[in-house]
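Our numbering applies: residue 19 is where the sequence shown begins, and numbers increase by one.
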Amino acid sequence: MSFKIALIYGDGVGPEVIKAALEVLEALDFDAEYVEVKAGYEYWRRTGKPMEDGALDVIRSCRCVLKGPLMTPPGTDSYRSVTVMLRQTLDLYANVRPFKSFGKASKKIDMVIVRENTEDLYSGIEYRLGSTAITLRVVSERASKRIARFAFELAKREGRRKVAVVHKANVMKESCGLFRSAFFEVAKLYPEIQAEEIVVDSAAYRIVVAPETLDVLVTPNMFGDILSDVAAGVVGSLGLAPSANIGDGYAMFEPVHGTAPDIAGKGVANPIASILSAAMMLSYLGDAKRARAIEVAVDELIAEGRVLTPDMGGTAKTVDVAREVARRAREALTSFR
Ligand code: NAI
């Protein structure tokens with residue numbers, strides 16, 4: 019079956035890493051029709067629009083989106099994050115970010131951050147009152163319960179044993195308090211899975227010193243954003259961390275990292291995060307074999323340590339890693355047959 023997939027190459031290193039992911043999908047003879055959607059900061063600078071006209075209709079007509087990172091410079095100009103807008107408009111409420119140790123890593127890390135993707139301080143409700151700036155932290159019972167349910171369902175599906183809610187309810191008694199109580203209410207429906215709570219600062223520490231003790235973490239938007247980069251550092255590089263934005267009936271797949279302006283255009287960005295995001299897309303589309311083939315290929319590549327980009331201590335280029343993962347994934351797929 020051919021899948022129609024919307025493709026957003028992104029800004030900065032985006033086109034380099036998304037092309038790498040496409041090379042791997044092609045090597046696996048994945049049957050897809052890609053529809054490019056132009057969007058992002060560079061597009062906005064050229065045209066004054068964050069996305070091309072009709073972009074949302076095109077995206078909705080596809081099965082899902084494969085996306086590179088999009089730049090959002092700080093400051094108060096009229097440009098706002100297209101990534102956040104897509105997550106909110108398409109109601110992709112669950113941002114799933116798995117972190118695994120690869121190759122011969124000393125610690126066995128296998129945790130998933132499930133980040134609420136539509137609310138919190140990213141609500142976009144901000145204003146100035148004289149010389150004071152205010153950003154509203156919006157946390158609803160509906161969104162908190164559905165993300166908790168999503169986290170428990172994920173744990174059940176993947177045979178995981180623990181789900182921890184990460185919060186700061188000791189200080190933010192209303193917003194985090196609601197998120198926390200919604201979690202424990204949902205937890206009652208899953209007696210077979212251990213429900214825990216971790217205060218966010220303590221969670222940051224545990225991700226660094228004892229990541230192997232963590233399983234599924236469910237957390238509001240901003241904590242999830244920050245903790246993900248901490249976890250990416252612990253597994254070795256932001257260039258290794260994939261993600262899925264999932265809603266009811268639609269999804270968007272992208273690396274956790276940003277546009278990496280410091281290395282954009284140099285051909286050295288690590289494409290593994292995007293390649294693994296493509297693997298998450300394959301799983302979502304029901305193609306577990308091809309997804310597994312990519313994971314096996316990445317694991318082997320890292321264990322061997324010969325073809326790695328500079329962020330992982332190597333000297334390889336983005337295209338070298340893409341070619342090598344593509345070759346190994348193809349071999350792995352053949353061996354499954
Ligand atoms: P960043 O993630 O782009 O870069 C942080 C550091 O990680 C840099 O040193 C960079 O070189 C390195 N890095 C990132 N990806 C890498 C890769 N694939 N291979 C090797 N090294 C990699 O974060 P930064 O600099 O804070 O953000 C840059 C821009 O990206 C901002 O405009 C931000 O808004 C945007 N951004 C977009 C995201 C998205 O579209 N989902 C997510 C995060 C940031």
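Using N, Cα and C, we set each Cβ at its ideal position, and we do this for glycine too. Everything numeric in this text was worked out from a predicted model, so none of it was measured.
Checklist entry - Hey, would you say the C-beta of aspartate 239 is under 8 Å away from at least one heavy atom of the ligand NAI? => result Here the sequence assigns asparagine to residue 239, which means aspartate is not the residue at that position. No.
Checklist entry - Can proline 68 be considered in contact with the ligand NAI, in the sense that its beta carbon sits closer than 8 Å to one or more heavy atoms? => result no
Item to check | From Ala350, Leu108, Ala344, residue whose alpha carbon lies closest to that of alanine 45 | outcome: Ala344
Checklist entry - When we look at the beta-carbon of phenylalanine 354 and count the other beta-carbons within 10 Å, is it buried (16 or more) or exposed? => result exposed
Checklist entry - Within this structure, are the beta carbons of leucine 110 and threonine 136 separated by less than 9 Å? => result yes
Next on the checklist: With DSSP as the reference, identify every bridge partner of glutamine 212, one or two as the case may be.
Outcome noted: Lys180
Item to check | Where valine 31 sits in the DSSP three-state scheme | outcome: coil
Checklist entry - From valine 132 to alanine 73, what does the alpha carbon distance come to, in whole angstroms? => result 27 Å
Next on the checklist: In this structure, how does DSSP classify alanine 259 when only helix, strand and coil are distinguished?
Outcome noted: coil
Item to check | Strand pairing of isoleucine 23, partner residues [DSSP] | outcome: Tyr52, Cys82
Item to check | Separation of glycine 331 from alanine 200, as counted between CA atoms | outcome: 43 Å
Checklist entry - Can you pull the DSSP bridge partners for methionine 299? => result According to DSSP, methionine 299 bridges with nothing at all.
Item to check | Integer Cβ distance of valine 248 from alanine 222, believed to fall under 8 Å | outcome: The Cβ separation is near 6 Å, so the contact holds.
Checklist entry - At a cut-off of 8 Å, is threonine 327 close to the ligand NAI when judged by its beta-carbon and the heavy atoms of the ligand? => result yes
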